[in-house]
Amino acid sequence: MIRYSILVFGILATFLIAMFGLTILPKIFIDEGVTEPVYFTPFEVTEGHRVFVREGCIYCHSKQVRPEGFGADFERGWGRASVATDYRNLLPHNLGTMRTGPDLANIGARQPGEDWHYLNLYQPRAINEESIMPPFPWLFEEVGEDARPAHEGLNLPDEYRVPGRKILPDDEARYLVAYLLSLDQQITGVD
Amino acid sequence: MGPKKELRVTDLDRSARYVVLFLIISGIFWLLFGTLLALLASIKMHMPDWLGGFGWLTFGRVRPLHLNTMVYGWASMTGAGVALWILSRLLKTPILLRGYIMVAGLVWNLALLAGSVQILAGSSRGIEWLEFPVSTMVVIVLCVLIMSASVILMIRYRRVKQLYVSVWYILAAFLWFPLLGLVSSLPIFDTPTVQAGMNWWYAHNALGLWFTPIGLAAAYYFIPKVLGRPIYSYGLSLLGFWGLALFYNWNGFHHLIGSPLPTWFVTISIAASVMMVIPVVVVAVNHHMTVVGSFSAVKYSPTLRFVVFAAMSYTFVSLQGSTQALRSVNEVIHFTHFVVAHAHIGMYAFVTMMLFGACYYIIPRITLQEWHSKALIKWHFWLTAIGIVIYAGALQYIGLFQGWDMNNPDVPFTDTVSMTIPYLMARSMSGFLMTAGHLIFAWLVVKMVFRTGEQPDAPLIWEKIRREFAL
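In structure tokens form, the structure reads like this:
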């Protein structure tokens, strides 16, 4: 029976100590510095983050730049090393673990064109034939050529055009692009 | 209490029949569903426009659901069934709380179904390994807790004095997993980087503190059982167990090397990952010394064949993991397909193959039926074994180059994408092999459980080593 008690005690103690060390302790160390700044996060950006999570962009794009000298993130122009306040306290976190596509921590600065992003989201191969990024056509609306004359449709290459129709971004596409453009390390939105 | 009545193994197996079968068959259902999702995700990666118009089938939803159904459906449910059966045998006690476990299994299946719909509909929690909404996760944890209660009661009412090493591992797994699940569901991780820390503490421990102990418990049980000889060393078993408990717990942050989390947390995890070499080598030596001299038995026993393959994979994947945690190696392989392959060596070549092996032993004994076809079992083994070897080989090979080129700013990023395409296709190919293996396995189980067709008179597989029957 003593042996059994030692077993149970050991199983619980090893777990709880490490649990404290890797979840509670980081919280104690990091939280204060992250929650103090005031973030000006517009509604579009918060919603865009939600769409980013929903469509699983994180399974192909990391959002954490490694420090200079560790990998070539800096040399590739992906930005400076990420810091905890870059993430505007948007949850869930999306630091990511995969770079099937490029890191997006600073994409707003690298690729500031809204139309470019719409095109890339509607049909990535309209921009780069070798891209294996999925298309997200359900974030867009297909309307007749003459509908809504104030809005120009996406500037698609011929092979992706639907004759007599034009493609307009939906609200969700607009939110998502607002979110992508907010990923700019210069203006982290921090006070 | 007076001396308890001895129960014969056949009595134990009979009482385990419905609970264990229910858990195993539920697991197999999720295995097939998860396999379908795996194929979708894998093919979509090199054919991105295939089914590209359906939001609910986009890569970013199918891929996480594949992981979640395999982890919380297949491996957890079948793993729980296998663990409870082993425990019943080792403690000479029937599985307790059987009625409650049946209900828990039912609820668990429903939770998986609800969670699957939610992920496909776009309500993922968005945290890797924890994509099921918190509500689903909490339900699953409560179901496991009922089994944990059964484990504790079985140990309490056991009919043996000694607790064999497999019992330690199973007890640990059933204490660790509910704790892991509950902590990961707490709303206190409310800033991004802290949540990322919790994320990788959890995800690594789900493998290290749930599947690994169940897998090792099975290896420690089946290897000596099938060979009819005792495990090589009690001392090594002890060292291996406590080494795992001490070091595995601290491994998680090696997924965050180079991230904005404080370096010293990461350094602790790197050190712990390297220390994992000790329990891993100890377990490997212990198993190897038990098998040595009888290796040819893998030819006759399907259980042993799968289990030995799985045990060797465990050693390989763990040593690889310790290496991957080193900063200089991690600098190259982090963010590449290399790690994806590594995860599959762990969850497939080790955990899944171990569970297959266990099923080949357990199901005939609880159903009192025989496997129908020796040839199909061989096909199952070779399709899955060759499948996972191609998978791991292709992705780890190209993952290295992907990593080197990503770290060379002179190479355009697009090249790191296009170079992987042939290997992603090879991965889909390997996926078809494994799928075929799973279908064969499911077919064999269905034939056996639902007693369709003629029963063979004599055991098909065991004739060469009758010893195995001497319990």
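Protein sequences appear in the order of chains A and B.
Residues in the first sequence are numbered from 1 upward in steps of one, following this note's numbering.
Residues in the second sequence are numbered from 1001 upward in steps of one, following this note's numbering.
Note that the Cβ used here is the ideal one computed from N, Cα and C, for glycine as well.
Counting only residues of its own chain and dropping the five nearest sequence neighbours on each side, Met1070 of chain B has a CB closer than 6 Å to the CB of Gly1034. The C-beta distance from Ile1278 of chain B to Ala1325 of chain B rounds to 14 Å, too long to meet the 8 Å contact threshold. Looking at the DSSP output, Glu141 of chain A shares a beta bridge with A:Leu168. Linking Leu1216 of chain B to Leu1207 of chain B through their CA atoms gives a straight-line distance of about 12 Å. Rounded to whole angstroms, Thr1384 of chain B and Phe1316 of chain B show a C-alpha spacing of 17 Å. Asp1405 of chain B is classed as buried because its beta carbon has at least 16 other beta carbons within 10 Å across all chains shown.
Between His1334 of chain B and Ile1231 of chain B a beta carbon distance of about 37 Å is seen, past the 8 Å cut, so the two are scored as non-contacting.
Leaving aside the five residues that flank Leu1145 of chain B on each side, the residues in its chain whose CB is nearer than 6 Å to its CB run, in chain order, Pro1178.
When C-alpha distances from Pro112 of chain A are compared across A:Gly10, A:Met98, A:Ile11, A:Ala178, the shortest belongs to A:Ala178.
As DSSP reads the structure, Phe1335 of chain B sits in a beta bridge with A:Met98. The straight-line gap separating the alpha-carbon atoms of Pro67 of chain A and Trp1201 of chain B is approximately 22 Å. Approximately 5 Å separates the beta-carbon atoms of Ala1341 of chain B and Ala1392 of chain B; this is inside 8 Å, confirming the contact. Not flagged as an interface residue toward chain A: Glu1370 of chain B, since no C-beta distance is shorter than 8 Å.
By the beta-carbon neighbour count (other beta carbons within 10 angstroms, threshold 16), Leu181 of chain A is buried.
In summary, the residues of the region 1189 to 1219 of chain B whose CB is separated from some CB of chain A by less than 8 Å are Phe1189, Asp1190, Thr1191, Pro1192, Thr1193, Val1194, Gln1195, Ala1196, Gly1197, Met1198, Asn1199, Trp1201, Leu1209, in the order they occur in the chain.
Taking C-beta separations shorter than 8 Å and ignoring five residues to either side along the sequence, the partners of Leu104 of chain A in its chain run Cys57, His61, Ser62, Lys63, Leu180, Leu183, following chain order. Nearest C-alpha to Glu172 of chain A among A:Ser82, A:Asn89, A:Gly108, A:Val45: A:Val45. Within chain B, the C-beta atoms nearer than 8 Å to that of Glu130 of chain A come from Thr1414, Val1417, Ser1418, in chain order. Residue-level contact by beta carbon holds for Gly71 of chain A and chain B, with a gap shorter than 8 Å. Of the residues assessed, Thr85 of chain A falls on the buried side of the cut-off, its CB having 16 or more other CB atoms within 10 angstroms.
Leu90 of chain A: not part of any alpha helix (DSSP H); DSSP gives it neither H nor E. Between Ser1148 of chain B and Leu1084 of chain B, the gap from beta carbon to beta carbon reaches 8 Å or more. If you compare the alpha carbons of B:Val1107, B:Ser1313, B:Met1154, B:Ile1155 with that of Met1137 of chain B, the shortest gap goes to B:Val1107. Taken in chain order, the complete alpha helix (DSSP H) segments of 4 or more residues contained in the region 1029 to 1064 of chain B number zero; there are none.
No beta strand (DSSP E) of 3 residues or more sits fully in the region 13 to 57 of chain A.
The criterion of a C-beta distance shorter than 8 Å is satisfied by Phe1222 of chain B and Ala1358 of chain B.
Counting the other CB atoms within 10 Å of its CB gives Ile30 of chain A a total of 16 or more, which places it among the buried residues. Distances from the CA of Leu12 of chain A to each of B:Asn1249, B:Phe1450, B:Leu1433 were compared; the closest alpha carbon is that of B:Asn1249.
Under the Cβ criterion of 8 Å, Trp116 of chain A is not counted among the residues facing chain B. Put simply, of B:Asn1205, B:Tyr1397, B:Leu1239, B:Leu1444 the residue whose alpha carbon is nearest the alpha carbon of Lys1374 of chain B is B:Leu1444.
Leaving aside the five residues that flank Gly33 of chain A on each side, the residues in its chain whose CB is nearer than 8 Å to its CB run, in chain order, Ala84, Thr85. Any Cβ of chain A closer than 8 Å to the Cβ of Met1406 of chain B would place that residue at the interface, and such an atom is present. For the region 1053 to 1087 of chain B, the set of residues with a beta-carbon nearer than 9 Å to any beta-carbon of chain A comprises Gly1053, Phe1054, Gly1055, Thr1058, Phe1059, Gly1060, Arg1061, Val1062, Arg1063, Pro1064, in chain order. The Cβ neighbour count for His151 of chain A, taken over all protein chains shown within 10 Å, is under 16; the residue is labelled exposed.
The three-state reading of DSSP puts Asn155 of chain A in coil, since its state is none of H, G, I, E or B. Apart from the 5 residues on each side of it in sequence, Glu47 of chain A sits with its Cβ closer than 6 Å to the Cβ of Tyr175 in its chain, given in chain order.
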